[in-house]
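First residue of the sequence shown? That's 147 in the numbering used here, and the numbers climb one at a time after it. The structure under discussion appears below in the form of C-alpha cells.
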Amino acid sequence: MIFIYNSLKTIEKFVKMKKTKQNWSDRFSEPTSEIVKRYTASVNFDQRLAMYDIAGSLAHAEMLKKQKIISSKDFGAIKKGLNQIKKEVISNKFEWSIDLEDVHLNIEKRLTDISGEAGKKLHTGRSRNDQVATDMKLFLRDASDQLVNLIKKLQQATLAIAEKHVTTIMPGLTHLQVAQPISFAHHLLAYFEMLERDKARFIDSRKRINILPLGAAALAGTSYPIDRKFVAKLLKFEGVMENSIDAVSDRDFLIEFNANASLLMTHLSRWSEELVMWSSPFFNFIEISDSFCTGSSIMPQKKNPDVPELVRGKTGRVNGHLVSLLTLMKGQPLAYNKDNQEDKEPIFDVVDTVLDTLKIYGEMISKIKVFPENMENAALKGYATATDLADYLVKKGLPFRESHGVVAKAVKYGIDQGYDLSEMELSELKKFSNLIDQDVFKFLSLRGSIQSRKHLGSTGFNAVNLALKKAKSKL
Ligand code: ARG
Numbered sequence: 147m148i149f150i151y152n153s154l155k156t157i158e159k160f161v162k163m164k165k166t167k168q169n170w171s172d173r174f175s176e177p178t179s180e181i182v183k184r185y186t187a188s189v190n191f192d193q194r195l196a197m198y199d200i201a202g203s204l205a206h207a208e209m210l211k212k213q214k215i216i217s218s219k220d221f222g223a224i225k226k227g228l229n230q231i232k233k234e235v236i237s238n239k240f241e242w243s244i245d246l247e248d249v250h251l252n253i254e255k256r257l258t259d260i261s262g263e264a265g266k267k268l269h270t271g272r273s274r275n276d277q278v279a280t281d282m283k284l285f286l287r288d289a290s291d292q293l294v295n296l297i298k299k300l301q302q303a304t305l306a307i308a309e310k311h312v313t314t315i316m317p318g319l320t321h322l323q324v325a326q327p328i329s330f331a332h333h334l335l336a337y338f339e340m341l342e343r344d345k346a347r348f349i350d351s352r353k354r355i356n357i358l359p360l361g362a363a364a365l366a367g368t369s370y371p372i373d374r375k376f377v378a379k380l381l382k383f384e385g386v387m388e389n390s391i392d393a394v395s396d397r398d399f400l401i402e403f404n405a406n407a408s409l410l411m412t413h414l415s416r417w418s419e420e421l422v423m424w425s426s427p428f429f430n431f432i433e434i435s436d437s438f439c440t441g442s443s444i445m446p447q448k449k450n451p452d453v454p455e456l457v458r459g460k461t462g463r464v465n466g467h468l469v470s471l472l473t474l475m476k477g478q479p480l481a482y483n484k485d486n487q488e489d490k491e492p493i494f495d496v497v498d499t500v501l502d503t504l505k506i507y508g509e510m511i512s513k514i515k516v517f518p519e520n521m522e523n524a525a526l527k528g529y530a531t532a533t534d535l536a537d538y539l540v541k542k543g544l545p546f547r548e549s550h551g552v553v554a555k556a557v558k559y560g561i562d563q564g565y566d567l568s569e570m571e572l573s574e575l576k577k578f579s580n581l582i583d584q585d586v587f588k589f590l591s592l593r594g595s596i597q598s599r600k601h602l603g604s605t606g607f608n609a610v611n612l613a614l615k616k617a618k619s620k621l
C-alpha cells in the first residue's frame with residue numbers, strides 16, 4: 147500500500163512540474179517517453195546545485211564579454227537575468243520542469259525567457275559536461291570548508307572535557323580486557339588526533355577540488371578564444387585542469403572526499419561504540435544527556451543512546467556510497483558518460499550525513515557527564531599494574547621474560563585470594579621474588595603507574611598536560 151502511495155506521489159509531483167520542450171528535440175522525430183524522461187532526469191535532486199550553477203554561469207559570461215565573444219550589452223542582460231533567477235530559486239518561486247532534465251537546462255531556459263536573445267548566448271564555448279563538473283567542485287569546496295570548521299568545533303569540545311579529566315583514571319583496554327591504567331584525558335586525546343588527521347585530509351583534498359574544469363566544453367575544448375584562467379580567478383579556483391578530456395570525466399575528487407568522509411565516520415563510529423558501552427549500566431563511566439537519547443515504547447526504565455548508535459549505523463551508509471562511486475567509475479570509457487549523473491545522490495547524502503553527524507556530535511560530547519569514581523574502580527579490578535610490577539623487577543636486574551613469569555604467578559595468587567597486587571603485604575609479594583622491596587607500592591598504585599610514564603605521547607599526567615597544550619595550539 148505504502149509503495150503504491152509513494153509512487154503515485156512521485157508521479158503527481160512530476161505532473162505538477164512545468165511542461166517544456168527539450169532544447170535538443172529538433173533532432174528527434176519522436177518525443178521522449180514519460181518513463182524515460184523520469185529515468186534520465188536529475189532535476190529533482192540536482193536543483194540543489196542551482197546557486198553554484200549560477201555562479202559558474204556568471205563567471206563564464208563575464209569571461210565571454212572580456213574576450214569579446216559576447217557584447218557588454220548581452221552580458222548585462224545575462225547578469226540581470228541570472229540574478230533574478232537566483233532570487234526566484236531562493237524564494238522557492240522558480241518553476242522546475244522535468245522536461246528540461248536537469249538544473250543546467252532549467253536555468254538556461256528560464257534565462258532565455260527573461261533575457262531573450264542574450265540568454266541564448268550564455269552556453270557559447272561551454273557544455274553541460276564541464277559545467278556540471280564545475281558545479282560539483284564548487285559544491286564540494288563549500289562542503290569541505292564547512293566540514294573542516296565543524297571538525298574543529300568537535301575538537302574544541304573534546305579538549306574542553308579532556309582538560310577537566312587529566313587526573314581521572316580509567317582502565318585502558320586491549321581486547322576489551324583491562325590492560326593498564328590511563329588518564330581519561332589521554333583517551334579523549336586519541337580521538338583529537340584522529341580528527342586532526344581527518345581535518346588535514348579534507349584540507350588536502352580541497353586542493354584537488356579547487357582546480358577548474360570549465361573550458362573543457364564537451365571534451366575537446368572550444369574554438370572560441372576563451373580565457374580559462376580568468377574564469378578560475380573569478381570563481382576563486384587555484385588553477386585550471388590541464389587536460390580537457392580529464393576535466394570532464396574526472397570524479398576522483400568526489401571519491402577522495404567520500405573516502406575522507408568514510409574515515410571520519412569510522413572514527414566517530416568507534417567513539418560511538420565506546421559511548422554506548424561506557425553509558426551501559428555494566429560500565430557506568432558516563433551519562434549521555436537526555437536530549438541525545440530516547441526511551442522505549444515498552445520498557446519504561448530504558449534510556450537508549452540512539453545518537454551514537456545512529457552514528458555507527460550511518461557510517462555504513464557513507465561507506466556504501468564510497469563503493470557506489472568507485473563502482474560508478476570503474477567501467478567508464480573516456481570522456482563524459484551519463485553514468486556520472488549518478489554521482490550526485492550519493493555525494494549529497496554523504497555531505498548531509500557527515501555535516502549533521504559532526505554538528506550533533508560536538509554538542510553531545512560537550513554535554514556528557516563523567517563518573518570518575520566508577521572509572522577508577524574499574525581500573526582497580528583487572529590487575530592493571532601487573533606490567534608495572536614486571537618493569538619494576540626488570541629495573542632491579544631481572545630479565546623481562548623472567549619477571550613476566552614472576553608477575554603472572556603473583557596475579558594468579560591475587561585472583562585466588564580475591565585482591566589486587568597493591569593490596570598484598572610486602573611479605574606476600576616477596577614470596578614471588580626477593581627483589582621486591584617496600585618501594586614497590588608506589589609503582590603498584592594506579593596513580594604511581596601512570597606517573598611513572600614520562601615520555602612524549604604517554605599517559606603520564608605531565609605528558610598529557612603537555613599534549614593538551616600542544617593540541618590547543620593546533621586549533
Ligand atoms: N545532468 C547531467 C549530469 O549530472 C549533466 C551533464 C549532462 N551532459 C550530457 N552530455 N548529457 O551529469
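Each residue gets a CB set at the ideal place from its N, CA and C atoms; glycine is no exception.
Terminal residues of the continuous alpha helix (DSSP H) containing residue i?
i: residue 144; result: Nothing can be reported for residue 144: it is not among the residues displayed for the chain, which extend from 147 to 621.
i: residue 202; result: 196–212
i: residue 292; result: 274–310
i: residue 607; result: 607–620
i: residue 454; result: 452–476
i: residue 443; result: Careful: residue 443 lies outside any alpha helix (DSSP H) and carries neither H nor E.
i: residue 546; result: 546–563
i: residue 572; result: 572–576
i: residue 255; result: 249–261
i: residue 191; result: 189–192
i: residue 597; result: 592–597
i: residue 180; result: 180–186
i: residue 600; result: It is not in any alpha helix (DSSP H) - residue 600 carries neither H nor E in the DSSP assignment.
i: residue 380; result: 374–380
If you drop the 5 nearest sequence neighbours on each side, which residues of the same chain put their C-beta closer than 6 Å to that of residue i?
i: residue 482; result: 275, 394, 395
i: residue 610; result: 312, 329, 331, 332
i: residue 256; result: 231
i: residue 235; result: 196
i: residue 590; result: 531, 567, 568
i: residue 186; result: none
Our contact map puts residue i next to residue j with C-beta atoms below 8 Å; I'd like the distance itself, whole angstroms only.
i: residue 130; j: residue 247; result: Past the boundaries of the shown model lies residue 130; the chain is included only from 147 to 621, so the question cannot be answered.
i: residue 430; j: residue 517; result: 6 Å
i: residue 384; j: residue 357; result: 6 Å
i: residue 567; j: residue 556; result: 6 Å
i: residue 406; j: residue 344; result: 7 Å
i: residue 327; j: residue 561; result: Actually they do not touch by this definition, with Cβ atoms about 18 Å apart.
i: residue 510; j: residue 464; result: Not a contact, Cβ separation roughly 18 Å.
i: residue 302; j: residue 621; result: 6 Å
i: residue 314; j: residue 521; result: 6 Å
Leaving out the 5 sequence neighbours to the left and right, which residues in its chain are closer than 7 Å to residue i when beta-carbon positions are compared?
i: residue 273; result: 363, 364
i: residue 415; result: 457, 458, 461
i: residue 194; result: 494
i: residue 527; result: 324
i: residue 213; result: 371, 372, 373
i: residue 209; result: 372, 373, 376, 377
i: residue 492; result: 467, 470, 471
i: residue 602; result: 609
i: residue 237; result: none
i: residue 179; result: none
i: residue 425; result: 432, 433, 434, 451
Per DSSP, what are the beta-bridge partners of residue i in this structure?
i: residue 235; result: None, per the DSSP bridge assignment.
i: residue 386; result: 358
i: residue 515; result: 433
Apart from the five residues on each side of it in sequence, which residues of its chain come closer than 8 Å, Cβ to Cβ, to residue i?
i: residue 199; result: 249, 250, 253, 277, 281
i: residue 614; result: 305, 308, 309, 312, 331, 335
i: residue 202; result: 277, 280, 281, 284, 360, 381
i: residue 265; result: 223, 224, 227, 254, 257, 258, 259
i: residue 441; result: 448, 449, 450
i: residue 287; result: 352, 355, 356
i: residue 599; result: 605, 606, 609
What residue range is occupied by the uninterrupted beta strand (DSSP E) comprising residue i?
i: residue 107; result: This structure gives no information on residue 107, because the portion of the chain shown stretches from 147 to 621.
i: residue 328; result: 323–329
i: residue 316; result: 315–320
Could you confirm whether any beta carbon from chain D is found closer than 8 Å to the beta carbon of residue i?
i: residue 274; result: Protein chains in the displayed structure number just one, and chain D is not present.
| said: Contact between the stretch 396–404 and the stretch 471–480 is defined here as three or more beta-carbon pairs at a separation below 8 Å; is this criterion met? | reply: yes
| said: Could you check whether the stretch 293–302 touches the stretch 496–508, counting it as contact only if at least three pairs of C-beta atoms, one from each stretch, sit closer than 8 Å? | reply: Yes: at least three Cβ pairs fall under 8 Å.
| query | Are the stretch 601–609 and the stretch 573–587 touching by the rule of at least three beta carbon pairs closer than 8 Å? | reply | no
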